[in-house]
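Quick notes on the structure that follows.
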Amino acid sequence: MKLTKEIKIGNTYIGGTHPIAVQSMTNTKTADKEATLNQIKSLASAGCDIVRFTVNDIEAAEAIPYYANNVNIPLVADIHFDYKLALAAAERGISKIRINPGNIGDKENIRKVATVCREKNIPIRIGINGGSAEKSVLEKYGGPTAEALAESAINNARMLEQFDFNNIVLSVKSSNVKTMVDAARLLSQMCDYPLHIGVTETGDVRRGSIKSAIGIGSLLLDGIGNTVRVSLTEDPVLEVAAARDILFCCGIGGGVNIVSCPTCGRTRSNLIGLVAELEEKTRNIKSNKRITVALMGCAVNGPGEARHADIGVACGDKEGLLFRKGEIIKKIPEELIVPTLIQEIKGLLNIDA
Ligand code: SF4
Numbered sequence: 074m075k076l077t078k079e080i081k082i083g084n085t086y087i088g089g090t091h092p093i094a095v096q097s098m099t100n101t102k103t104a105d106k107e108a109t110l111n112q113i114k115s116l117a118s119a120g121c122d123i124v125r126f127t128v129n130d131i132e133a134a135e136a137i138p139y140y141a142n143n144v145n146i147p148l149v150a151d152i153h154f155d156y157k158l159a160l161a162a163a164e165r166g167i168s169k170i171r172i173n174p175g176n177i178g179d180k181e182n183i184r185k186v187a188t189v190c191r192e193k194n195i196p197i198r199i200g201i202n203g204g205s206a207e208k209s210v211l212e213k214y215g216g217p218t219a220e221a222l223a224e225s226a227i228n229n230a231r232m233l234e235q236f237d238f239n240n241i242v243l244s245v246k247s248s249n250v251k252t253m254v255d256a257a258r259l260l261s262q263m264c265d266y267p268l269h270i271g272v273t274e275t276g277d278v279r280r281g282s283i284k285s286a287i288g289i290g291s292l293l294l295d296g297i298g299n300t301v302r303v304s305l306t307e308d309p310v311l312e313v314a315a316a317r318d319i320l321f322c323c324g325i326g327g328g329v330n331i332v333s334c335p336t337c338g339r340t341r342s343n344l345i346g347l348v349a350e351l352e353e354k355t356r357n358i359k360s361n362k363r364i365t366v367a368l369m370g371c372a373v374n375g376p377g378e379a380r381h382a383d384i385g386v387a388c389g390d391k392e393g394l395l396f397r398k399g400e401i402i403k404k405i406p407e408e409l410i411v412p413t414l415i416q417e418i419k420g421l422l423n424i425d426a
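Count along the sequence shown from 1, add 73, and you get the number used in the working numbering.
Now the structure itself:
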């Protein structure tokens with residue numbers, strides 16, 4: 074993982090050697106205290122590390138102390154157009170501010186935001202999106218190319234640095250997966266600020282999750298990215314689930330990694346049902362340790378192909394062969410396959426039954 078500057082956001086850190094933080098954004102009206110607090114809590118329970126909400130009017134800013142007093146998770150104010158709302162959020166206990174300097178107005182306004190944030194040790198994320206990079210940069214590159222996004226982010230970081238402010242997180246997002254990945258790779262070479270990564274405006278859960286997995290996953294595998302946000306046109310709790318799955322599939326974090334064969338003409342069991350049940354029962358198991366559990370459709374290829382698995386079952390006709398690291402241990406009836414694997418998993422992860 075690329076070593077970046079460390080940034081403190083409320084009671085959490087990103088960058089440096091800190092774990093990659095998952096974040097999401099509420100879609101309730103920020104001034105609606107009950108709805109927004111409930112959603113922040115749901116996001117936190119789903120594994121969200123940082124929650125952002127829009128601060129689009131003064132009522133939204135005035136609700137910040139209520140949230141800050143009722144949850145123990147860093148809160149980020151998303152500000153567009155009105156720098157005074159950034160100042161209002163900073164005065165009311167926000168943990169971080171996200172601005173797009175391109176729509177905040179003249180430099181003097183940005184200087185005022187930087188000054189207050191410096192005094193209060195509040196980091197600022199400069200969030201550059203395809204549609205909102207500066208005109209001069211867009212003209213130079215003929216549109217929102219990866220180079221344009223990265224250059225715009227760096228220009229804005231340099232402006233904050235001129236105001237003696239370097240408590241900065243950067244993001245360059247696009248709805249075009251390749252543009253976003255290329256832009257973040259460029260930006261990562263140009264500075265050592267932590268990067269917030271994500272594909273924007275992705276669409277529904279199915280394609281949106283895949284676009285996000287390709288974009289975020291490509292960068293994570295390169296060691297780039299300190300905080301991730303999956304953006305879906307859906308309940309944001311699903312964004313957190315998708316983000317957690319992307320991290321897990323990139324080899325980050327502990328838990329149960331299930332490998333299973335695609336089934337074929339040799340399959341004699343309800344392997345699809347067994348895998349779905351095992352996924353469902355193990356998805357939320359939290360552990361620092363990662364183990365691999367195999368569910369294979371037959372004994373011909375099963376134990377051999379899944380030799381690397383810590384534990385597994387090769388299914389036959391109404392029964393299965395339990396194996397450990399490729400060595401067959403015993404035969405078990407089909408109805409005991411999932412309960413037996415769960416018991417084995419708990420043993421491997423030292424979880425009390
Ligand atoms: S493990 Fe067996 S059942 Fe599964 S795909 Fe391979 S040959 Fe087919």
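A virtual CB, placed ideally from N, CA and C, is assigned to each residue, including glycine.
From a predicted model like this one, the values you see are computed outputs, not experimental measurements.
Distance between residue 126 and residue 169 (C-alpha atoms, nearest Å): For residue 169 and residue 126, the distance between alpha carbons rounds to 11 Å.
Own chain residues within Cβ distance below 6 Å of residue 270, not counting five before or after: 257, 289, 292, 298 and 301
Between the CA atoms of residue 137 and residue 347 - distance to the nearest angstrom: So the alpha carbons of these two residues sit roughly 46 Å apart.
For residue 278 and residue 160, the rounded distance between their alpha carbons: 35 Å
Three-state secondary structure (DSSP) of residue 74: coil
Residue 291, enclosing alpha helix (DSSP H) - first and last residue: 278-294
Cβ-Cβ distance between residue 410 and residue 386 below 8 Å: yes
Local Cβ density within 10 Å of residue 123, reported as buried at 16 or more and exposed below that: The residue is buried, with at least 16 neighbouring Cβ atoms inside 10 Å.
Other residues of its chain near residue 30: CB distance less than 7 Å, five sequence neighbours each side excluded: Since the first residue shown for the chain is 74 and the last is 426, residue 30 is missing from the structure and cannot be characterised.
Environment of residue 254 [buried if 16+ CB atoms lie within 10 Å]: buried
C-beta contact flag for residue 267 and residue 88 at 8 Å: yes
Neighbour-count burial assignment, residue 337, 16 or more Cβ in a 10 Å radius: exposed
N-terminal and C-terminal residue of the alpha helix (DSSP H) that residue 231 is part of: That run of the alpha helix (DSSP H) goes 219-235.
Residue 151 - partner residues in DSSP beta bridges: 127 and 171
Three-state class that DSSP yields for residue 355 in the structure shown: Residue 355: helix per DSSP, three-state reduction.
Segment contact, 8 Å Cβ cut-off, at least three pairs: the stretch 172-186 with the stretch 214-224: no
Residue 370 beta carbon near the ligand SF4 (any heavy atom closer than 7 Å): yes
Separation of residue 134 from residue 342, as counted between CA atoms: When the Cα atoms are used, residue 342 and residue 134 turn out to be separated by approximately 57 Å.
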